Structures are given as structure tokens and as C-alpha cells.
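Sequences listed follow chains A and B, in order.
Quick note: the first sequence uses my numbering, first residue 1, plus one each step.
Quick note: the second sequence uses my numbering, first residue 316, plus one each step.
Here the structure is laid out as C-alpha cells; the discussion comes afterwards.
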Amino acid sequence: MSFTSQHLLGIEPLRQEAITEILDLANAYVEQNRKSERPDPTLGGLTQINMFFENSTRTQASFELAGKRLGAVVMNMAMQASSIKKGETLIDTALTLNAMHPDLLVVRHPQSGAVDLLAQKVNCAVLNAGDGRHEHPTQALLDALTIMRAKGRLHRLNIAICGDIVHSRVARSNLILLGKMENRVRLVGPATLMPPDVAELGVEVYHDMEEGLRDVDVVMMLRLQKERMDGGFIPSEREYYHRYGLDRAKLGFAKSDAIVMHPGPMNRGVEIDGEIADDINRSVIQEQVEMGVGVRMAAMHLLARNMQNQKGVMA
Amino acid sequence: MSILFKNAQLIDPSAEEVTTNDLMVRDGKIVDSSGKAETVIDCSGKYLAPGIVDIGVKVCEPGERHKESYKTAGAAAAAGGVTTIVTRADTDPTIDTPEALEFIRRRAAEVTPVNVLHIAALTKARAGREMTEIKFLQDAGAVAFSDGYRVVQNTKVLARAMVYAQSLDALIIAHPQEPILSDGGGATSGKFASLRGLPHVSPMAERMGLDRDISMIEMTGAAYHADQITTKRALPALERAKKNGLNITAGTSIHHLTLNEFDIADYRSFFKMTPPLRSEDDRIAMVEAVSTGLIDIISSQHTPQDEESKRLPFEAAASGAVGLETFLPAVLRLYHSGHLSLNHIFRAASYNPAKRLGLNSGRISIGAPADLMLFDADVPYVLNRENLHSKSKNTPFDGARLQGKVLRTFVGGTEVYRA
Chain A
1 MSFTSQHLLG
11 IEPLRQEAIT
21 EILDLANAYV
31 EQNRKSERPD
41 PTLGGLTQIN
51 MFFENSTRTQ
61 ASFELAGKRL
71 GAVVMNMAMQ
81 ASSIKKGETL
91 IDTALTLNAM
101 HPDLLVVRHP
111 QSGAVDLLAQ
121 KVNCAVLNAG
131 DGRHEHPTQA
141 LLDALTIMRA
151 KGRLHRLNIA
161 ICGDIVHSRV
171 ARSNLILLGK
181 MENRVRLVGP
191 ATLMPPDVAE
201 LGVEVYHDME
211 EGLRDVDVVM
221 MLRLQKERMD
231 GGFIPSEREY
241 YHRYGLDRAK
251 LGFAKSDAIV
261 MHPGPMNRGV
271 EIDGEIADDI
281 NRSVIQEQVE
291 MGVGVRMAAM
301 HLLARNMQNQ
311 KGVMA
Chain B
316 MSILFKNAQL
326 IDPSAEEVTT
336 NDLMVRDGKI
346 VDSSGKAETV
356 IDCSGKYLAP
366 GIVDIGVKVC
376 EPGERHKESY
386 KTAGAAAAAG
396 GVTTIVTRAD
406 TDPTIDTPEA
416 LEFIRRRAAE
426 VTPVNVLHIA
436 ALTKARAGRE
446 MTEIKFLQDA
456 GAVAFSDGYR
466 VVQNTKVLAR
476 AMVYAQSLDA
486 LIIAHPQEPI
496 LSDGGGATSG
506 KFASLRGLPH
516 VSPMAERMGL
526 DRDISMIEMT
536 GAAYHADQIT
546 TKRALPALER
556 AKKNGLNITA
566 GTSIHHLTLN
576 EFDIADYRSF
586 FKMTPPLRSE
596 DDRIAMVEAV
606 STGLIDIISS
616 QHTPQDEESK
626 RLPFEAAASG
636 AVGLETFLPA
646 VLRLYHSGHL
656 SLNHIFRAAS
666 YNPAKRLGLN
676 SGRISIGAPA
686 DLMLFDADVP
696 YVLNRENLHS
706 KSKNTPFDGA
716 RLQGKVLRTF
726 VGGTEVYRA
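Have a look at this one:
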């Protein structure tokens with residue numbers, strides 16, 4: 001047993017063995033999900049609440065499906081619509097939730113650290129489904145599983161994460177995870193979309209796409225987060241596409257068997273050429289979605305187990 | 316009424332070393348220590364120093380008395396050995412008229428055991444459009460003029476206010492930051508902010524703000540105090556301005572001297588300050604600048620915030636920390652670590668701020684007011700924020716191991732606090 005945490009708030013606190021344990025179980029769930037009969041009562045009798053303070057369709061659906069496949073009672077609360085508009089603080093929300101006695105809380109919030117804060121105040125397991133620009137741990141785990149299955153390993157690979165790094169929690173979680181698993185991580189993007197001093201986190205920084213993609217095994221594209229930009233990070237989308245949009249020519253600098261990933265939703269023609277996104281020989285974007293459900297099942301399964309063990313210790 | 320402080324470890328900010336000495340106080344003033352005293356206080360092994368003069372204290376009256384009132388701020392100051400608080404004008408409403416100033420002066424005098432002086436706003440409603448009635452406010456008792464942490468962006472308005480203030484010998488206190496660049500940054504750009512995904516501000520914003528202000532002082536001849544210099548990169552500009560003979564002084568906060576950005580750790584909003592906590596390199600440079608005298612003044616930038624405004628995600632949380640009561644133990648960390656002498660500390664905490672405001676306190680000299688603190692520099696303890704006198708308990712030192720406690724505080728020869 002390697003993953004012993006009560007919550008899954010980020011990749012940063014996880015040890016290599018914990019990551020491996022989650023991925024191994026997720027891999028088994030992916031196989032199970034491909035069968036037509038898949039009764040699994042692991043979370044039977046438990047209540048899972050999805051609280052999304054930020055719009056999301058894909059991640060929320062993935063968590064919902066994962067919970068339901070494991071037999072949990074799943075409830076979705078659309079938070080951006082309700083109480084915060086009425087001025088309720090996050091702590092009050094937490095107290096309200098405690099009174100409902102959920103077992104698993106899946107939270108997405110537009111501010112970095114908000115999910116940590118909530119986790120300190122509730123009495124159940126908390127899963128971070130993305131907090132601000134901080135972390136999105138299940139995305140990094142599903143990306144890792146996708147790479148592992150496509151490449152046969154998750155170490156000593158050259159991986160380029162490209163595009164809007166500064167606004168991306170996906171990039172942060174990924175660079176931490178891939179670093180922990182002993183890969184070489186490159187960040188490729190315009191200087192304005194690069195977090196300050198990011199090279200100190202143990203990555204190589206490139207501002208030229210062709211140089212950055214040279215001989216990599218994995219090309220991970222990020223969405224240009226226009227909604228987080230208050231103007232002036234890039235001159236225009238067409239110049240951005242020209243310099244950083246992934247097309248056939250730029251991909252030609254990567255290894256011939258390099259895979260292309262994207263966390264979605266994609267801006268076709270901005271950061272990625274539609275033709276590449278749909279190329280079944282290179283793109284693993286559909287697999288990423290599939291891995292997502294398996295990873296979330298595994299994460300919730302292990303959190304429920306840790307919760308059970310915790311109760312055992314206390315009893 | 317006379318008191319003899321016997322065998323004190325006397326900290327005279329103008330001296331280089333602590334001496335064992337007696338100090339006599341009569342009728343509220345320090346006098347020649349010959350003659351008999353009605354009260355004798357044995358100070359053996361204890362330090363006696365001029366009380367702290369803290370420039371830039373936020374008392375949330377009027378407007379937010381639930382965060383701090385003159386009564387609670389006064390109690391906190393007395394307990395912290397702060398014998399003079401100089402309040403900020405950034406209340407609600409702003410202290411920008413002589414009437415508003417008279418109101419808070421009356422409030423302060425009624426309930427506050429320590430000396431209270433007031434900074435008035437430099438521009439009306441701190442909106443940066445029109446200067447306040449500087450002469451009227453001066454007559455009503457304002458000791459300096461400042462828009463607090465708001466920067467007057469319109470240089471024409473600022474130039475006129477500076478020229479006008481200069482003609483009245485009025486001191487302007489400013490917050491040197493390039494306001495557009497620093498907007499929205501709760502953390503300093505760098506590895507920490509990148510790792511935590513926090514909106515960040517380049518430390519260069521401070522130098523740009525200071526550079527602009529120095530040009531303005533050179534142009535207008537105004538008397539200017541920078542409330543907080545917190546970055547290494549701003550220091551050469553400050554040094555040059557002083558060398559060129561400009562009427563400029565600079566402060567820094569106890570928090571920027573004793574904490575760095577990594578103390579924010581897992582989004583601890585009690586460590587959210589304005590300007591944000593800096594790198595360890597910056598912190599060390601600030602300590603060095605205080606020891607050389609390049610930075611003149613240490614302040615607490617006491618900013619009470621209630622739980623509701625602090626217990627929020629880091630980005631949304633209010634900025635600032637209470638500091639009156641933790642001023643001494645925090646700054647003593649630098650004494651215990653061997654970075655600052657006690658004489659240095661009290662030069663920056665008492666003597667220099669008093670001198671900058673034209674007060675004759677903050678010193679150990681005959682005729683000076685007997686604003687004194689008696690303290691134990693070594694006693695160790697763990698701070699419990701619930702024990703603070705401030706109404707708001709937003710201290711970054713909750714649970715911290717500290718050394719040094721105020722034993723007694725005197726204002727004008729009258730005891731206002733005893734531990």
C-alpha cells in the first residue's frame with residue numbers, strides 16, 4: 001500500500017510508489033470498463049458529491065461515470081450558479097456539506113489553493129478536479145496512464161508540454177508527475193506564457209517549437225486559455241498558430257513514433273491542426289478520455305480504502 | 316512624580332552599545348539621574364529602551380470597528396511596547412478633511428493609552444485626483460500625508476501635491492509600486508508562485524515605483540518617505556537618491572524582515588501581505604539595509620483583518636497582518652540571529668521614525684518624553700494568537716516560537732502596560 005493520503009489534492013505530495021499504485025489499479029479498471037458487464041460495488045453505499053465552481057462538462061461527466069460504475073450515489077452541484085453568487089464563503093459551503101455527510105467530494109475551483117482550504121474544513125475525502133492554475137492531479141494521472149500504455153513505459157521518455165503553460169494547472173501537475181517518474185520534461189511556448197523561474201522546477205524551457213519538439217517521444221499540447229487572459233499575452237491567434245500550433249511540419253521534428261496528446265477541449269486551428277488531432281496513428285486524445293474514467297475510479301477506490309483504514313485505526 | 320529605573324540594560328539608539336545604567340524620570344520626562352525618586356524599579360538583567368514609534372498603523376475606525384478600534388489598538392500597542400502609533404488614513408471614510416481628523420483624534424484621545432498621531436490622505440478620497448486641504452489638516456494635527464497603499468498614478472496631481480506639501484514642510488509617505496504592473500499579484504514572481512499557481516507580481520514593480528517617485532522628489536524638493544522597501548533591486552536607487560541629497564527616507568516592515576514567500580506554504584492567507592512576501596535573497600538584503608542605515612525605519616504595517624476576510628482562498632483573501640504586539644519578538648529574531656544589534660533595532664524602530672516626524676521621543680536623552688519599554692529579550696514562548704489584544708487575530712506568527720517579551724510600557728512617565 002503506497003497511496004495512503006486521505007485526499008488527492010495534487011501530484012506534488014505523492015511519492016513515486018503512490019503514483020504507480022494508482023496507475024496500476026486504473027489500468028485494471030480500464031480493462032474492466034471495456035467489458036459489457038462490469039458490476040463493481042467498491043463504492044456501494046457511499047455518497048459522492050461533485051462540486052464544480054467552474055464550468056466543466058468533460059471532467060464532471062468523467063467523475064460522475066467513474067463514481068456510478070463503482071456503485072456510489074453521485075450528486076452534482078453546479079456551484080457557479082448558486083451560493084457563491086449569494087455571497088456564501090467557501091468555508092460556509094464546507095460546513096453545509098459536512099451536514100450532508102458525503103464520503104467523497106470532487107471539487108473544481110477557479111482559485112489556486114481553494115480545494116486545499118476546503119479539504120481542511122470537511123470531514124470526507126476530497127479530490128481536486130482542478131484548482132486555479134495550481135494542480136489537476138487526475139488529468140496528470142490519466143495522461144501518465146495514456147503514455148504508459150502507448151509507449152510501454154513511463155520513465156526515460158522525452159516529453160514536450162507545449163503552449164499556454166502559465167495558466168495551466170494541467171501543465172503543472174504533469175511536469176511534477178513526469179519529473180517524479182524520471183522523464184525529461186521540456187516546456188515549449190512563448191515567453192509570455194511561461195511561469196517565471198520555471199526552469200528551477202527541473203524542466204528545460206524552449207521558445208521555439210521545432211527545437212523544443214526535436215526527438216521527443218510525447219507531444220502534449222495545451223489549450224490556449226483565452227478566458228484566463230486579461231489581454232496581451234500573445235499578439236494574435238494566427239501568429240500563435242504560426243509559431244506554436246501543432247501541424248504536420250512541426251510534428252515532423254519529433255520522433256517518428258511520437259504520440260500527440262491534448263487534455264481538451266481543443267481549439268482547432270489555434271494550438272493544434274485538426275488533421276493532427278484526428279490522426280489515429282499519432283493522436284491519443286480519445287484514449288486520454290477513456291483513461292480518465294479508469295484513473296478516477298482508481299483514485300476514488302483508493303481514497304475510500306484509505307478512509308476505511310483510517311476508521312479502523314480510530315476504532 | 317518621579318521614577319528611578321535602576322541598573323537597567325539601557326538601549327540608547329544613538330549609542331553603539333547597551334550600557335548598564337540608571338535612568339530617572341520626573342514629570343513625564345527623562346531627567347538627570349541625580350536626586351531621590353518616589354518610585355524605584357529594579358531593572359537588573361532587563362532591557363530599557365525608548366518605546367517604538369510605529370508609522371503606518373491601521374486602526375479600522377471609522378468604518379470597520381469590528382476589525383479594530385482605537386481602544387483595542389491602543390491596548391495592543393501598549394502590550395507591544397509601542398508608545399506612539401501613527402495611523403493610516405485608509406479608513407472608510409478616508410481621513411481627508413480636518414473634520415474627519417478631529418473626530419478620530421477625539422476618539423483616540425479618549426480610549427488610547429499610548430500617543431496617537433495621524434497621517435491624513437494626500438488626495439481626496441484617496442482617489443488620486445485632487446490634493447487634500449494640506450494646511451487645514453496640518454493645523455488639525457496631521458503629521459504626514461499619504462494615500463496608503465494606493466499609488467497616485469497621475470503624475471501631474473502628484474507633482475502639484477508635492478510642490479504644495481513642500482511649501483508647508485509637510486511629509487509625504489508613499490507606497491512605491493508601479494500600480495498597473497503590480498495589480499492583482501498576491502505573491503512575488505518566481506519559483507514559489509510558479510509552483511503554487513498564484514497570480515504574481517515582478518519585484519521590478521517596486522523599483523519602477525521608487526524610480527518614478529525619486530524623479531518626482533528631485534523635481535519638487537518634497538520631503539518623502541517610502542513606506543516599505545522590500546526588494547533588493549530597489550536599494551541602489553534609494554542609495555543614489557540619498558547620496559544626491561534628496562529629502563528621502565525609507566521603511567520596511569517586520570514581516571518582510573523576518574518572513575519570505577515560502578512561508579505562504581500551502582496557501583496560508585495570514586501570510587498574504589502588501590507588498591507580497593519576497594524571496595529569501597530580498598529578505599536578507601533588507602536586513603542588511605537596516606543594519607547599514609540605508610533603510611531608516613522598521614514598521615509593523617499593522618493591518619487588522621477579521622476571519623471572514625482572511626479565511627478565503629489565497630487569491631480572494633484580504634491582505635495584511637496585525638503587528639503591534641509581535642513587533643518586538645519578531646524583530647528580536649534578527650538580534651538573536653546576530654544580524655542586528657539592539658541599538659540598531661531601536662534606531663530603526665524608535666529613534667528614526669520619531670526624528671522623521673519631528674518628534675523628540677524615541678531617544679534616551681534629557682528632556683525627552685519618558686516613553687519607555689522594559690523588556691526581557693530572551694524569554695522563550697509559543698505565540699497563541701488568541702492572547703493578542705487586537706480585535707483581529709490575523710498574525711503570521713501564530714504558533715511560532717518567539718523570544719522576547721515586553722514587561723512594562725510607560726508613556727510620558729505613566730505606566731500603561733504591565734505583563
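From the three backbone atoms N, C-alpha and C, an ideal C-beta is built for every residue, glycine too.
None of the values given here were measured: they were computed from a predicted structure.
Runs of the beta strand (DSSP E) lying entirely within the segment 94 to 123 of chain A and spanning at least 3 residues, in chain order: 104 to 109.
The segment 157 to 164 of chain A makes contact with the segment 212 to 227 of chain A; the number of CB pairs closer than 8 Å reaches 3 or more. Look at the segment 610 to 644 of chain B: the residues with a C-beta under 8 Å from a C-beta of chain A are Glu-623, Arg-626, Leu-627, Pro-628, Phe-629, Glu-630 and Ala-631.
Within the model, the alpha-carbon separation for Met-523 (chain B) versus His-490 (chain B) is close to 12 Å. The DSSP-derived three-state label of Gly-371 (chain B) is strand. Contiguous beta strand (DSSP E) elements confined to the segment 359 to 444 of chain B occur at 362 to 365, 367 to 372, 397 to 402 and 430 to 435, taking only those with 3 or more residues.
The Cβ neighbour count for Val-731 (chain B), taken over all protein chains shown within 10 Å, is at least 16; the residue is labelled buried. Residues are counted here when their Cβ sits less than 8 Å from a Cβ of chain B; for the segment 183 to 194 of chain A the count is zero.
Residues of the same chain with a CB within less than 8 Å of the CB of Glu-21 (chain A), apart from the 5 flanking positions on each side, are Met-1, Ser-2, Phe-3 and Leu-302 in chain order. Between Leu-655 (chain B) and chain A, the shortest Cβ-Cβ separation is not below 7 Å. Within chain B, the residues placing a beta-carbon under 7 Å from that of Val-198 (chain A) are Ser-509, ordered along the chain.
Bridge partners of Lys-180 (chain A) according to DSSP: none are assigned.
Of all C-beta pairs linking the segment 633 to 646 of chain B to the segment 588 to 607 of chain B, three or more are shorter than 8 Å, placing the two stretches in contact. Leaving aside the five residues that flank Arg-662 (chain B) on each side, the residues in its chain whose CB is nearer than 7 Å to its CB run, in chain order, Pro-328. Close partners of Leu-513 (chain B) in chain A (Cβ separation under 7 Å): Ser-112. In the three-state reduction of the DSSP assignment, Glu-332 (chain B) falls in the coil class. In the DSSP assignment, His-659 (chain B) falls within the alpha helix (DSSP H) that extends over 657 to 661. Within the same chain, and ignoring the five residues on either side of Ala-580 (chain B) in sequence, no residue has its Cβ closer than 6 Å to its Cβ. When DSSP states are grouped into helix, strand and coil, Ile-91 (chain A) belongs to the helix group. In this structure, the beta-carbon distance from Arg-133 (chain A) to His-167 (chain A) falls below 7 Å. Listed along chain B, the residues sitting closer than 9 Å to His-134 (chain A) by beta-carbon distance are Leu-510, Arg-511, Gly-512, Leu-513 and Tyr-582. Here Gly-566 (chain B) is bridged, per DSSP, to B:Ile-612. In its chain, beyond the 5 residues on either side, Gly-274 have a beta carbon closer than 6 Å to the beta carbon of Arg-268 (chain A). It is roughly 23 Å from the alpha-carbon of Leu-687 (chain B) to the alpha-carbon of Ile-434 (chain B). The continuous beta strand (DSSP E) containing His-540 (chain B) extends over residues 538 to 541. By the criterion of a C-beta distance shorter than 7 Å, Ser-594 (chain B) is surrounded in its chain by Thr-503, Gly-505, Asn-575 and Glu-576, once the five residues flanking it on both sides are discounted. If the five residues before and after Val-355 (chain B) are omitted, its C-beta is found closer than 7 Å to the C-beta atoms of Leu-319 and Lys-321, all from its own chain and listed in chain order. Leu-649 (chain B) is positioned such that its CB atom lies no closer than 7 Å to that of Val-697 (chain B). Comparing alpha carbon positions, the residue from B:Gln-468, B:Ala-442 and B:Leu-432 closest to Ala-455 (chain B) is B:Leu-432. For His-540 (chain B), the closest of B:Pro-518, B:Ile-569, B:Met-477 and B:Glu-493 by C-alpha to C-alpha distance is B:Met-477.
In terms of CA proximity to Leu-722 (chain B), B:Asp-357 leads the group B:Gly-463, B:Asp-357, B:Gly-566 and B:Asp-347.
Asp-131 (chain A) has A:His-109 and A:Glu-135 as its beta-bridge partners, per DSSP. Contact between the segment 50 to 69 of chain A and the segment 121 to 138 of chain A is present, with at least three C-beta pairs closer than 8 Å.
Look at the segment 93 to 111 of chain A: the residues with a C-beta under 8 Å from a C-beta of chain B are His-109 and Gln-111. Taking 7 Å as the CB threshold, Gly-714 (chain B) stays off the interface with chain A.
Within the same chain, and ignoring the five residues on either side of Leu-647 (chain B) in sequence, the residues whose Cβ sits closer than 7 Å to its Cβ are Ala-692, Gln-718 and Gly-719.
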